[in-house]
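K.L.:
Those letters in the first sequence? Residues 672 to 868, per the numbering used here, in order. Dropping the structure in here first, questions after.
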Amino acid sequence: MLEERKFSKNGMNLKARSHIEMTVHCRLSRDFFIRDVLQVAPELIGKILVIRSKGNSIQRYMITETEAYRGAEDKACHASKGRTERTEVMYHEGGKIYVYFVYGMYWMLNFVAGEKNIPQAALIRGIEGFHGPGKLTKAICIDKSFYGEDLVTSNRIWVEDAELKVTVKTSTRIGINYAGETWKNKPWRFFICPQTP
DNA sequence: GTTAAGATTCCG
DNA sequence: GGAATCTTAACG
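Here's what the structure looks like:
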């Protein structure tokens, strides 16, 4: 986990550095999420996903890869099929969690972005140690019970700003070839540059 | 009620 | 390249 790696970098005593961690990390507020998903998704890279495990311990993982799904007109966005029971939370204000099940075995974790009634979400595709949207949800036990959870107020999942400086690269989104030329070619996948200066 | 397809991953 | 595996949404 992040703290362990940071702690091993120099010889300061653990108590003092633990205090530094506590003051630097700050939960992201509603304001971060209610912006356009094309701002939110890339800025999530380098932020810290915090989750309380079933044993009640807090775990932190840096977010390394995201994708933006933007509005009803985006043919790759589930909301392009309309407002349904599944997509309902995407129409809520930013900061909520959208979780859905695919391929008979994987839960996908998304953070809702944008203003109320504008369906946008950022798919979390990778976190430190777990590359792949299906793998990470399995690793941190994300399931349907997280649907609609609020990252701003929840006591079991939220996002913190570590104020890390990272370089973000882009590419086209994965697994949406059905969406047509206009939408499948949007450079809306964001990932951390492996050799950030 | 039935059915087709999917914001994936693993194996060959 | 193909299977695993099941919810969602569209259709009858």
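For every residue, glycine included, the Cβ atom is placed at its ideal position computed from N, Cα and C.
1. Give the secondary structure of W854 by DSSP, where H, G and I count as helix, E and B as strand, and everything else as coil.
2. Do three or more CB pairs link the stretch 805 to 813 to the stretch 719 to 736 at distances below 8 Å?
3. Look at the alpha carbon of F862 and the alpha carbon of E831, and state the distance between them as a whole number of angstroms.
4. Which complete beta strand (DSSP E) runs does the stretch 788 to 867 hold, if anything under 3 residues is left out?
5. Is A833 near A793, with beta carbons less than 8 Å apart?
6. Does DSSP put E714 in a helix, in a strand, or in coil?
7. Output the boundary residues of the beta strand (DSSP E) element that contains R741.
8. Suppose you measure from the CA of T853 to the CA of I828; what does that come to, to the nearest Å?
9. Between the Cα of A747 and those of P858, H802, C864, N848, spot the shortest distance and give me the residue it belongs to.
10. For I768, count neighbouring C-beta atoms within 10 Å of its own C-beta (all shown protein chains included) and say buried if the count is 16 or more, exposed if not.
11. Out of curiosity, what's the CA-to-CA distance linking L720 and R698?
12. Taking just the CA atoms, how far does T737 sit from G753?
13. To the nearest angstrom, how far is it from the Cα of S842 to the Cα of E756?
14. With DSSP as the reference, identify every bridge partner of C748, one or two as the case may be.
15. Just how far apart, CA to CA, sit D814 and S700?
16. Could you check where the beta strand (DSSP E) with R723 kicks off and where it finishes?
17. Can you grab the Cα-Cα spacing for the pair C864 / G775, in whole Å?
18. Could you tell me which residues DSSP puts in a beta bridge with M779?
19. If you draw a straight line from the C-alpha of K680 to the C-alpha of L835, how long is it?
P.N.:
On the basis of the data shown:
1. In the structure shown, W854 adopts helical secondary structure according to DSSP, grouped into three states.
2. Pairwise C-beta distances place the stretch 805 to 813 in contact with the stretch 719 to 736, as three or more of them are shorter than 8 Å.
3. Between F862 and E831, the C-alpha separation is close to 18 Å.
4. Entirely contained in the stretch 788 to 867, the beta strand (DSSP E) runs reaching 3 residues are, in chain order, 791 to 798, 828 to 832, 839 to 842, 860 to 863.
5. No. Outside cutoff.
6. DSSP places E714 in helix when its eight states are reduced to three.
7. Per DSSP, R741 belongs to the beta strand (DSSP E) from 729 to 741.
8. Going from the Cα of T853 to the Cα of I828 covers about 35 Å.
9. For A747, the closest alpha carbon among the candidates P858, H802, C864, N848 is that of N848.
10. I768 should be labelled buried.
11. Cα atoms of L720 and R698: separation of roughly 10 Å, rounded to the nearest angstrom.
12. If I take the Cα positions, the gap works out to 23 Å.
13. Roughly 30 Å between the two C-alpha positions.
14. Bridge pairing for C748: absent [DSSP].
15. Here the alpha carbon of D814 sits roughly 23 Å from the alpha carbon of S700.
16. Going by DSSP, R723 is part of the beta strand (DSSP E) stretching over 719 to 723.
17. Each residue's alpha carbon lies about 32 Å from the other.
18. According to DSSP, M779 bridges with Y771.
19. Any reading at K680 must be qualified, since the residue scores a pLDDT of 33, below 50, and its modelled position is unreliable; the value itself is stated next. Looking at the two C-alpha atoms, the distance is approximately 16 Å.
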